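In our numbering, the protein residues as written are 136 to 668. Some notes on the structure that comes next.
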Amino acid sequence: MKSHHSTLTRLFSACSLSLMTAAVFAQSPSNPTAACDQLSNLVLADTTISSTELVAANTFTPPNSNNTMPLPAFCRLVGVTSPAVNFEVWMPLQNWNGKYNGVGNGGMAGTISYGAMAGALRRGYATASTDTGHTVSPVPFDASWASGRPDLIEDFGHRALHVTTVNGKAIIEAFYSEAPAYSYYTGCSKGGQMGLMEAQRYPYDFDGIVAGDPANDWTRFYAGSHLWYSLAMLEDEAAWIPRSKLPALGNAVDTACDALDGIEDGILQNPLACNFEPATLTCPEGVDNDSCLTPKQVTSIERIWSGVSNSAGELIYPGLVPGGEAAPGGWGTWVTGAEPYSSLHWRGGEGFFRWFVFDDEDWDFRSFDFDRDLEYALEKVGPAVDSDDPDIRALRDNGSKLIVYHGWSDPDISPVASINYFESVVDVIADDMRAANYETALNTTQNFFRLFMVPGMGHCAGGPGPDRFDALSALENWVENGIAPESITASKIVDGEVTRSRPLCVFPEVATYSGRGSTDEADNFYCAAPVAN
Numbered sequence: 136m137k138s139h140h141s142t143l144t145r146l147f148s149a150c151s152l153s154l155m156t157a158a159v160f161a162q163s164p165s166n167p168t169a170a171c172d173q174l175s176n177l178v179l180a181d182t183t184i185s186s187t188e189l190v191a192a193n194t195f196t197p198p199n200s201n202n203t204m205p206l207p208a209f210c211r212l213v214g215v216t217s218p219a220v221n222f223e224v225w226m227p228l229q230n231w232n233g234k235y236n237g238v239g240n241g242g243m244a245g246t247i248s249y250g251a252m253a254g255a256l257r258r259g260y261a262t263a264s265t266d267t268g269h270t271v272s273p274v275p276f277d278a279s280w281a282s283g284r285p286d287l288i289e290d291f292g293h294r295a296l297h298v299t300t301v302n303g304k305a306i307i308e309a310f311y312s313e314a315p316a317y318s319y320y321t322g323c324s325k326g327g328q329m330g331l332m333e334a335q336r337y338p339y340d341f342d343g344i345v346a347g348d349p350a351n352d353w354t355r356f357y358a359g360s361h362l363w364y365s366l367a368m369l370e371d372e373a374a375w376i377p378r379s380k381l382p383a384l385g386n387a388v389d390t391a392c393d394a395l396d397g398i399e400d401g402i403l404q405n406p407l408a409c410n411f412e413p414a415t416l417t418c419p420e421g422v423d424n425d426s427c428l429t430p431k432q433v434t435s436i437e438r439i440w441s442g443v444s445n446s447a448g449e450l451i452y453p454g455l456v457p458g459g460e461a462a463p464g465g466w467g468t469w470v471t472g473a474e475p476y477s478s479l480h481w482r483g484g485e486g487f488f489r490w491f492v493f494d495d496e497d498w499d500f501r502s503f504d505f506d507r508d509l510e511y512a513l514e515k516v517g518p519a520v521d522s523d524d525p526d527i528r529a530l531r532d533n534g535s536k537l538i539v540y541h542g543w544s545d546p547d548i549s550p551v552a553s554i555n556y557f558e559s560v561v562d563v564i565a566d567d568m569r570a571a572n573y574e575t576a577l578n579t580t581q582n583f584f585r586l587f588m589v590p591g592m593g594h595c596a597g598g599p600g601p602d603r604f605d606a607l608s609a610l611e612n613w614v615e616n617g618i619a620p621e622s623i624t625a626s627k628i629v630d631g632e633v634t635r636s637r638p639l640c641v642f643p644e645v646a647t648y649s650g651r652g653s654t655d656e657a658d659n660f661y662c663a664a665p666v667a668n
C-alpha cells in the first residue's frame with residue numbers, strides 16, 4: 136500500500152524547493168518604471184502595444200468592474216495582434232518566481248481572464264491572457280461575432296493563445312532581461328480545449344499543461360451535448376424538467392448508488408457503475424408533482440444519460456453520468472434552466488450552430504440532422520476548433536507534461552469524453568511501441584500524461600464532492616523535479632473551512648478507504664485499482 140501522506144510530503148517539499156530555486160535567479164528590473172515604459176517600443180509581429188503602466192499594489196480594478204483586486208505591484212502591458220487578438224501581460228515587480236503561466240478562458244471566451252491572471256500573479260508568476268480574438272456581450276455563449284468571420288473562428292479555436300504565448304514570452308524576457316525558466320498553461324472548460332490544442336498543435340509552447348474538464352472534441356460536443364440535451368427536453372416541451380424536480384432525481388440516484396463504494400457521503404466514486412433507472416421515479420397516472428417524473432421526463436433523462444448516435448449506431452458524444460443533479464450550478468443551470476429555452480446547453484448549442492456552422496440567424500435547432508449536418512460542421516469548423524488529435528508524441532518528445540482533470544458530476548461536458556481521449560492517446564502509444572499489452576502502453580503514456588477524475592465535482596468546480604486542489608504545483612514538481620504526481624489532495628471548503636478532503640488518483644486508480652479514521656480526511660485513503668461491483 137502506498138503512503139498517501141508521504142507522497143504528498145515529498146511532492147510539496149519538492150515544490151517549495153523548486154520555487155525557492157527559481158526565486159534565486161529571477162531578478163526584478165533595477166528601474167521598473169523605465170523597464171515597463173520601454174516595452175511600448177517593443178516590436179512584435181503583427182502586434183500593436185496599446186499601453187504599458189506600472190500598477191501599484193492593491194489598486195487594480197478590471198475594466199467594467201467596481202472591485203479592486205488585492206494584487207502585488209506589477210507592470211501591465213495591453214496589446215492586440217492582428218486581426219483582433221486582444222491580450223494582456225502582467226509582470227510582478229518583486230518576487231518573480233522566474234516562470235510564466237498562461238491562462239485560459241471559458242464559454243465562448245471574448246474577455247481577458249482577469250481572475251485567473253490575478254491568481255497567477257499572486258503566486259509570483261508573470262502571466263498573460265487573451266480574449267481569443269473577439270469581444271462578446273454579457274449574454275452567455277453569444278456567438279454572433281463569428282458570423283462571416285472564419286479568421287476569428289481560427290483565432291478562437293487555436294491561434295489566439297499561441298500568438299499570445301509567443302508574445303508573452305518575448306515581453307517577459309524584455310522586461311526582466313531573461314526568459315522564463317519554465318512556462319506553464321492552466322485552463323478549464325474552453326480553457327481545457329485550449330490546453331489540449333496547445334499540446335496537439337503547438338507542443339513546444341509550454342513545459343507543462345493543466346487542462347480541466349476540456350471541451351476538446353468541440354464540434355461533436357456541441358452537437359452531442361449542448362444540442363442533444365436541449366432536443367431531449369424541447370422537441371416536445373412537455374418533456375422539459377423543472378428545476379423543482381431535480382432534488383427528487385438527485386436523492387434517488389444517491390439512494391441507489393452512493394454506497395457502491397462502501398461509503399455513504401453523497402458522492403459517486405464511479406458513476407459508470409450506477410445502474411439507476413429513471414423510470415422508478417415515474418409519476419402515478421394522473422399525478423405530476425416535484426416528487427416524481429412524467430413518462431416524457433423519464434425519457435428525457437434516459438436520452439441525456441445515453442448520449443446520441445448517428446443512423447449507423449455510432450456514438451457521436453457520450454452522455455452525462457448520474458450524480459450531482461441537484462447541486463447548485465448543476466443541472467438546474469446547464470441542463471434544464473429556470474424555464475424552457477434558458478439553459479446554458481440550449482444557449483450554447485443554438486449559438487454555435489447558428490453562427491459558426493450555418494451563419495443563419497433564423498436557424499432552428501430542431502432542424503439539426505445528426506448525420507448530414509454534423510458531417511458538414513466537422514468539415515467546416517472542426518479543423519479550427521477541435522482539439523481531438525490523440526497523437527501528442529511531439530509534446531512527449533519535448534519533455535513536456537500534461538495533466539487533465541475532470542469532474543465526475545460535470546453537468547456540461549461529459550466526464551467520459553476525457554476518459555475516451557486519454558484511452559485514445561494510450562492507443563497511439565501502444566501502436567508506436569508495438570506494445571503487447573495495455574498495461575505497458577498505459578504506463579508509458581503516464582510518463583508524460585496523467586488523468587485525474589474528480590468524484591462529485593461539477594463543471595470545473597462545485598458539486599457535492601471536494602473541488603479545490605492545486606494541480607499546478609503537482610505539474611511544477613513533475614516538470615522541474617521529475618516527481619510524477621501519484622495523487623493530488625482535493626478539499627471541500629464551506630465558509631472558509633475544509634469540511635472534507637480526498638486524494639485524487641491517477642486514472643484508472645481510485646481513492647480507496649483504508650478502513651481506519653474519518654472518511655472526511657484524505658490521509659485515510661490510498662490509491663488503488665477499482666474493485667468491480
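Positions of the beta carbon are idealized from the N, C-alpha and C atoms, including for glycine. Quantities reported herein were computed from a predicted structural model and do not represent experimental measurements.
**Request:** Taking only the alpha-carbon atoms, compute the straight-line gap between S608 and A447 and give it to the nearest angstrom.
**Result:** Spanning the two alpha carbons is a distance of roughly 45 Å.
**Request:** Pick helix, strand or coil for S653, following the three-state DSSP scheme.
**Result:** When secondary structure is reduced to three states using DSSP, S653 falls in the coil class, being assigned neither helix nor strand.
**Prompt:** Starting from L537 and walking both ways along the beta strand (DSSP E), at which residues does that stretch end?
**Reply:** Unbroken beta strand (DSSP E) run through L537: 536-542.
**Request:** Give the range of the beta strand (DSSP E) segment to which A346 is assigned.
**Result:** Where A346 is concerned, the enclosing beta strand (DSSP E) stretches over 343-347.
**Request:** Kindly indicate the opening and closing residues of the alpha helix (DSSP H) around Y317.
**Result:** Where Y317 is concerned, there is no enclosing alpha helix (DSSP H), although the beta strand (DSSP E) it sits in stretches over 317-323.
**Item:** Backbone secondary structure at N410 - three-state DSSP
**Value:** Correct three-state label for N410: coil.
**Request:** Specify whether the segment 307-315 and the segment 221-235 touch according to this definition: at least 3 beta carbon pairs, one from each stretch, less than 8 Å apart.
**Result:** yes
**Request:** Starting from V433, follow its DSSP beta bridges and name the residues at the other end.
**Result:** Looking at the DSSP assignment, V433 forms no beta bridge with any residue, so it has no partner.
**Request:** Name the one or two DSSP bridge partners that V224 has.
**Result:** L212, A263
**Item:** With 16 other Cβ atoms within 10 Å as the buried cut-off, status of T468
**Value:** T468 comes out buried.
**Message:** Using the three-state DSSP reduction, which class does F503 fall into: helix, strand or coil?
**Reply:** coil
**Message:** At the level of alpha carbons, what is the spacing between S282 and F493?
**Reply:** 9 Å
**Cβ contact (3+ pairs, closer than 8 Å) linking the segment 635-647 and the segment 585-593** = yes
**Request:** For P391, collect the residues of the same chain with a Cβ closer than 7 Å to its Cβ; drop the 5 residues on either side in sequence, then sort them by chain order.
**Result:** Per the sequence shown, residue 391 should be read as Ala rather than Pro. Answer for A391: C409, F411, listed in chain order.
**Pick from L416, A552, K515 that is closest to P430, judged by C-alpha positions** = Ranking the options by Cα distance to P430, first place goes to L416.
**Item:** L586 - DSSP class collapsed to helix/strand/coil
**Value:** strand
**Request:** May I ask which residues mark the beginning and end of the beta strand (DSSP E) holding G401?
**Result:** Run containing G401: none; DSSP gives neither H nor E here.
**Request:** Identify every run of the alpha helix (DSSP H) within the segment 445-494, keeping only runs that are complete inside it and at least 4 residues long; order them along the chain.
**Result:** Taking only runs of at least 4 residues, the alpha helix (DSSP H) segments lying wholly in the segment 445-494 are 479-486.
**Message:** Count Cβ pairs between the segment 465-483 and the segment 353-363 that sit closer than 8 Å; are there 3 or more?
**Reply:** yes
**Request:** Report back the beta-carbon spacing between F505 and N445 to the nearest angstrom; my notes put them in contact at under 8 Å.
**Result:** 5 Å
**Asked** Exposed or buried, what is D545 when buried is set at 16 or more other beta-carbons lying within 10 Å of its beta-carbon?
**Response** buried
**Item:** Alpha carbon of S248 to alpha carbon of G631, nearest angstrom
**Value:** 24 Å
**Prompt:** Below 8 Å between beta carbons: does that hold for I451 and A367?
**Reply:** no
**Item:** Supposed contact pair G598 and G385 - C-beta distance, whole angstroms, cut 8 Å
**Value:** With a Cβ gap of about 11 Å, G385 and G598 do not count as contacting.
**Beta-carbon gap between W543 and V456 smaller than 8 Å** = yes
**Status (buried if at least 16 other CB within 10 Å, exposed otherwise) for Q162** = With fewer than 16 other Cβ atoms inside 10 Å of its own Cβ, Q162 counts as exposed.
**Asked** When DSSP labels each residue in this structure, what does P167 get in the three-state scheme?
**Response** helix
**Span of the beta strand (DSSP E), counted from its first residue to its last, around F660** = 660-663
**Asked** Are the CB atoms of E372 and P475 nearer to each other than 8 Å?
**Response** yes
**Request:** Look up F642 in the DSSP assignment and give the residues it is bridged to.
**Result:** DSSP lists no partner for F642.
**Item:** Y648 - DSSP class collapsed to helix/strand/coil
**Value:** strand
**Request:** Determine the direct distance from the alpha carbon of A606 to that of P88, and round the result to whole angstroms.
**Result:** Since the displayed the chain opens at 136 and closes at 668, residue 88 lies outside it and no answer follows.
**Prompt:** Say the cut is 7 Å; is the CB of P638 nearer than that to a heavy atom of the ligand MN?
**Reply:** Among the components of this structure there are no ligands whatsoever, and the ligand MN is therefore not found.
**Item:** Terminal residues of the beta strand (DSSP E) in which E188 lies
**Value:** 182-190
**Asked** What residue from K304, S553, G617 has the CA that sits closest to D348's CA?
**Response** S553
**Message:** Restricting to runs no shorter than 4 residues, where is the alpha helix (DSSP H) found entirely within the segment 556-612?
**Reply:** 573-580
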